[in-house]
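Novice: Sharing a structure here in structure tokens format.
Next comes the structure, spelled out in structure tokens:
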């Protein structure tokens, strides 16, 4: 493969806009939802809580049947 030619300054600016534009849009939207609409921040569940929830759900289903 032939070595790539360096981009012109205008092409570098355009590449920067194409890459950072969507990131800026999504970040702004998420902050708007959290600050003005009161949506809670998403958190990673603690280790083991998902397994405990599954066990509890299975126990309640067994009690019904």
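Residue numbers (my numbering): 94 to 158.
Ideal Cβ positions, reconstructed from N, Cα and C, are used throughout, including at glycine.
Keep in mind that this is a model prediction, so the values were computed, not measured.
Using only the alpha-carbon positions, how far apart do residue 109 and residue 138 sit?
Specialist: Numbered from its first residue, the chain shown carries residue 109 at position 16. Numbered from its first residue, the chain shown carries residue 138 at position 45. Computed Cα separation, rounded: 35 angstroms.
Novice: Alpha carbon to alpha carbon, how far is residue 121 from residue 130? Give it in angstroms, no decimals.
Specialist: For the purposes of this step, residue 130 is taken as residue 37 along the chain shown, with counting starting at 1. For the purposes of this step, residue 121 is taken as residue 28 along the chain shown, with counting starting at 1. Between residue 130 and residue 121, the C-alpha separation is close to 13 angstroms.
Novice: Quick check: what's the CA-CA separation for residue 116 versus residue 104?
Specialist: Taking the chain shown and counting its residues from 1, the one referred to as residue 116 is at position 23. Taking the chain shown and counting its residues from 1, the one referred to as residue 104 is at position 11. Roughly 19 angstroms separates the two Cα atoms.
Novice: Report the rounded CA-to-CA distance for residue 152 versus residue 143, giving the unit in angstroms.
Specialist: In the chain shown, counting from the first residue as 1, residue 152 sits at position 59. In the chain shown, counting from the first residue as 1, residue 143 sits at position 50. Taking the straight line from one Cα to the other gives about 14 angstroms.
Novice: Under three-state DSSP, which class holds residue 152?
Specialist: On the chain shown, residue 152 is found 59 positions in, with the first residue counted as 1. Residue 152 falls in the helix class under three-state DSSP.
Novice: Out of curiosity, what's the CA-to-CA distance linking residue 123 and residue 112?
Specialist: Locating residue 123 in the chain shown gives position 30, counting from the first residue. Locating residue 112 in the chain shown gives position 19, counting from the first residue. Approximately 18 angstroms, taken between the alpha carbons.
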